[in-house]
Amino acid sequence: MSESSKESLSLHSFRSATVHTGYISVWKKVADLYTMFKGSRELDLDFHGLLKDTSTPSPLIAPQGGSLVKLAVEGYYRSLLQSIIQTGTYPFSVNNLKSFSIKMFDPDEVNDLKEFLDFPLPSLEHLSVSYYSIESERFSYPTLNLPPNLRFLSMSIIIRGPCSISNSLRWCAKNLESARHVSLETFTINASLLDSESTEVYPNVLQFWSEFAVMLSESDFGSIRNVSLIFRPMKPEGRSVPGLELYKSAVEREMSLLITRGLVTIS
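Throughout, the working numbering is defined as the position within the sequence shown, counted from one, plus 391.
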């Protein structure tokens, strides 16, 4: 796309835009996002693909970009988040960002997410975090700094199954525990099980969910209205998944009182 075409787009105020670049594309600069959407004041942006840039304007001279209300990212988006963190306004302002969704496949992306959430996001109410990786046990997941106005938090992860507790699942619990200072109303864990054929649920798994239930019962979580635990097999549909039902039944037993109260749902 020519520079004149990008400039002409900036004269419009877009409400929604989807940018899927693929991984071989000329559309790969933070500056392109700025140029095309600087006239958009309430933008819902879905970015998926390749974005790299080696230069970020100084915070003192960074131009005022468009304003985001919703942002979804997947792929090589790091330079976009870093530019926003470093300038506050380029290529977008996030003062009015209400919803943020991120799909991650590498531990470094988790650290990038932590940095982005450390940036002031006063309007953020919806946060959806997906981390699809068989993580190294040596990776230390950082606790996320959840914005004070956050209402809805969803975390999609891969877990090992009935035999062990994955670090990613402990990460979910750790972030829920850190939500005591925010007004969280809905929390969702969407877990894909790697091992869905086991015939035994190990004691450490039962202990984890027992402690999870105790945490949810504490008065600090009075703002939470719904906790949804969703378990799915990683294997293709149509195959036997006895371990999945075994796992769900074990979690249901540990959560029985909270299920009766209507706080927790399991599917």
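The C-beta atom is built at its ideal place from N, Cα and C for all residues, glycine as well.
- Judged by DSSP secondary structure, residue 423 falls within the alpha helix (DSSP H) whose first and last residues are 421 to 428.
- In this model, residue 508 and residue 579 are separated by some 19 angstroms (Cα to Cα).
- When DSSP reads this structure, residue 510 sits in no beta bridge, so it has no partner.
- According to the DSSP secondary-structure assignment, residue 577 is paired through a beta bridge with 543 and 617.
- By the beta-carbon neighbour count (other beta carbons within 10 angstroms, threshold 16), residue 525 is exposed.
- Look at residue 468 here: in three-state DSSP terms it is coil, with no helix or strand label.
- Residue 491 sits close to residue 517, with the two beta carbons spaced by under 9 angstroms.
- Here residue 520 carries a strand assignment [DSSP, helix/strand/coil].
- Secondary-structure assignment with DSSP links residue 525 through no beta bridge to anything.
- DSSP, read as helix, strand or coil, puts residue 462 in strand.
- At least 9 angstroms separates the beta-carbon of residue 615 from that of residue 582.
- Taken through DSSP and simplified to helix, strand or coil, residue 499 comes out as helix.
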